[in-house]
Amino acid sequence: MRRLPMRHRWTSRIRTGGVVAVGVVLAVSATPARADLREGPTPTPNAWITSAEGVAESLWRSSAGDADFATIKIDPETRKVVVYRKGGAALSRYQSVPKPADVAVEYRTAPLSGTETNQLIHSIKAQTTTLAKQGIEVNAIWSSGSGPVTIQVQHMNSNARNLATRFGTYGPGTVTVEEGIVKATRADRDFDARPFVAGAHTISSAGVGECTSGFTGRSAGTGAGYMIVAWHCVRLADPRIWTTNKNGVSGGSYVGRATVLDMNHDIAYVRTADSVLPAIWDGPIGSPFLKNVTAMQKPNTSMTRICTSGAFSGARCYGTIYAEGWYYIGGYWSYLWVATSNNGTSIAARGDSGGPVFIPNGNNVTAVGMISAVEIDPNLPCTGDATQCGQLFYFTDVYTEAWLNHDINMTQSWP
Numbered sequence: 153m154r155r156l157p158m159r160h161r162w163t164s165r166i167r168t169g170g171v172v173a174v175g176v177v178l179a180v181s182a183t184p185a186r187a188d189l190r191e192g193p194t195p196t197p198n199a200w201i202t203s204a205e206g207v208a209e210s211l212w213r214s215s216a217g218d219a220d221f222a223t224i225k226i227d228p229e230t231r232k233v234v235v236y237r238k239g240g241a242a243l244s245r246y247q248s249v250p251k252p253a254d255v256a257v258e259y260r261t262a263p264l265s266g267t268e269t270n271q272l273i274h275s276i277k278a279q280t281t282t283l284a285k286q287g288i289e290v291n292a293i294w295s296s297g298s299g300p301v302t303i304q305v306q307h308m309n310s311n312a313r314n315l316a317t318r319f320g321t322y323g324p325g326t327v328t329v330e331e332g333i334v335k336a337t338r339a340d341r342d343f344d345a346r347p348f349v350a351g352a353h354t355i356s357s358a359g360v361g362e363c364t365s366g367f368t369g370r371s372a373g374t375g376a377g378y379m380i381v382a383w384h385c386v387r388l389a390d391p392r393i394w395t396t397n398k399n400g401v402s403g404g405s406y407v408g409r410a411t412v413l414d415m416n417h418d419i420a421y422v423r424t425a426d427s428v429l430p431a432i433w434d435g436p437i438g439s440p441f442l443k444n445v446t447a448m449q450k451p452n453t454s455m456t457r458i459c460t461s462g463a464f465s466g467a468r469c470y471g472t473i474y475a476e477g478w479y480y481i482g483g484y485w486s487y488l489w490v491a492t493s494n495n496g497t498s499i500a501a502r503g504d505s506g507g508p509v510f511i512p513n514g515n516n517v518t519a520v521g522m523i524s525a526v527e528i529d530p531n532l533p534c535t536g537d538a539t540q541c542g543q544l545f546y547f548t549d550v551y552t553e554a555w556l557n558h559d560i561n562m563t564q565s566w567p
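Residue 504 in my numbering is what sits at position 352 of the sequence shown, and the numbering runs on without skipping anything.
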């Protein structure tokens, strides 16, 4: 049994259903999936506020039946009542609401929800081949979670500038276009960039520990962003992590520092320095694509259709879980689960350590575990860039360790 390095390793007031007072956002929405805005301070009510609340109440009542309505906010600093809608434009129903002279109404595009952001990123990615034929070379498509979605292009031209309008399905300002000199920062598992996802190449400080990025998420307790990695992939004297490529060279993005290390479960938690997305790289090496993490589940021996995603092997399906217990691997004990390939082919390889173990569900996945070790079979053909692989592997239960014990919700983005 060998660990999967580390390739150099030795082995105001709220009215129910109505308008809130100053600075507090309406919880009522005709589109519940859309992101709510953060609450602000509540100043002392005065005549203007009372007047603004009346306008907001009337606007809210007028929103009945408007599928694009999101929320309303009273902004005392600009002395405006702001209506947030998909698309941002005003409808005649709102414009007909009586307004005192000192209360202005503004219409803005509603922030994107996480689901809308992911759908928009996927829809743009699906058009990159067509865009290339039109002279638009897209390098990256990314977002910090609630929009806007940024399209990075190799060269800015008139066609590229029009992308914000072309893909502005959710309204003005939801898509931005920028020129970038780094090609394909979001094109494969090499040199993964923000927002970080699971299944990409990582390396610890001093060129030690070439492994795979694990699930990312947000701490329910502190709100901080985290990436899960294998404990044996971290250089304990300097537990910083970067992204890299299959050759383990420098030049990738800085992920962050491992702040919690748990040898007993071969898991470490990296406090991320930049944004993370609840997603994994799926697909074979050379043709990866993203899938969203929408659920978490504790492993059990009735699971017969689990998959893995390693930076060296790519995505591999399916496997069956058949045991759990303490295992002495690579010089120390860890409590791990064991699974094997259903068809006798490779399911994990050296260098895949830290990678996600998941259950696929269409374009979404359920987080189950983190690859820890593999029993190398020298006669087994490997996939992707892997050279040492096996059909039996060991993994950590991330539902218990990351979620229940460390409050890391692997279905949430950060920030």
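All residues carry an ideal CB built from backbone N, CA and C; glycine is no exception.
Does DSSP classify residue i as helix, strand or coil?
| i | result |
| --- | --- |
| Ser214 | helix |
| Val255 | coil |
| Gly276 | Rather than Gly, the amino acid found at residue 276 in this sequence is Ile. DSSP places Ile276 in helix when its eight states are reduced to three. |
| Pro195 | For Pro195, the predicted structure reports a pLDDT of 44, less than 50, and the residue's modelled location is therefore unreliable. The matter cannot be settled from this model. |
| Tyr322 | coil |
| His353 | strand |
| Ile499 | coil |
| Cys363 | strand |
| Glu553 | helix |
| Met104 | Nothing can be reported for residue 104, as the shown portion of the chain is limited to 153 through 567. |
| Asn311 | helix |
| Met562 | coil |
| Thr539 | coil |
| Ala284 | helix |
| Thr328 | strand |
DSSP puts residue i in a beta bridge; with which residues?
| i | result |
| --- | --- |
| Lys443 | Ile432 |
| Ser461 | Ala467 |
| Phe221 | Arg237 |
| Arg260 | Tyr236 |
| Ala410 | Val422 |
| Tyr479 | Ser486 |
| Thr472 | Thr492 |
| Glu527 | Leu544 |
The alpha helix (DSSP H) that contains residue i, what's its start and end?
| i | result |
| --- | --- |
| Thr317 | 315-318 |
| Arg245 | 244-247 |
Assuming the contact rule is C-beta atoms closer than 8 Å, residue i and residue j should be a hit. Round their C-beta distance to whole Å, please.
| i | j | result |
| --- | --- | --- |
| Cys459 | Ser498 | Going by Cβ atoms, the distance from Cys459 to Ser498 rounds to 13 Å, so no, they are not a contact pair. |
| Leu264 | Tyr322 | 6 Å |
| Gly477 | Tyr484 | With a Cβ gap of about 15 Å, Gly477 and Tyr484 do not count as contacting. |
| Phe367 | Val550 | 6 Å |
| Thr396 | Gly404 | 5 Å |
| Gly466 | Gly435 | 7 Å |
| Val428 | Pro347 | 5 Å |
Going by DSSP, what residue range makes up the beta strand (DSSP E) through residue i?
| i | result |
| --- | --- |
| Ser486 | 484-493 |
| Tyr546 | 544-549 |
| Arg423 | 419-424 |
| Gln304 | 301-305 |
| Val509 | 508-513 |
| Ala382 | 377-382 |
| Arg387 | Run containing Arg387: none; DSSP gives neither H nor E here. |
| Thr368 | 368-371 |
| Ile437 | Counting along the chain, Ile437 falls outside any beta strand (DSSP E), and DSSP gives it neither H nor E. |
| Asn291 | 290-294 |
Is it buried or exposed for residue i, if we count other Cβ within 10 angstroms and need 16 for buried?
| i | result |
| --- | --- |
| Pro184 | Reliability of the predicted coordinates at Pro184 is poor, the pLDDT of 31 falling under 50, and the value obtained from them is presented with this limitation in mind. Exposed, by the Cβ-count rule. |
| Met522 | buried |
| Gly503 | buried |
| Glu330 | exposed |
| Asn314 | exposed |
| His307 | exposed |
| Gly471 | buried |
| Met415 | exposed |
| Glu229 | exposed |
| Leu178 | Unreliable placement is indicated for Leu178, whose pLDDT of 24 sits below 50; the coordinate value is still reported in the next sentence. Buried is the call here. |
| Gln304 | buried |
Just to confirm, does residue i get its C-beta within under 7 Å of one of the non-hydrogen atoms of the ligand ADP?
| i | result |
| --- | --- |
| Thr223 | Absent from the structure shown: the ligand ADP. Ligands present: none. |
Any C-beta of chain D sitting closer than 8 Å to the C-beta of residue i?
| i | result |
| --- | --- |
| Pro263 | Going by chain labels, chain D is absent from the structure shown, which holds only one protein chain. |
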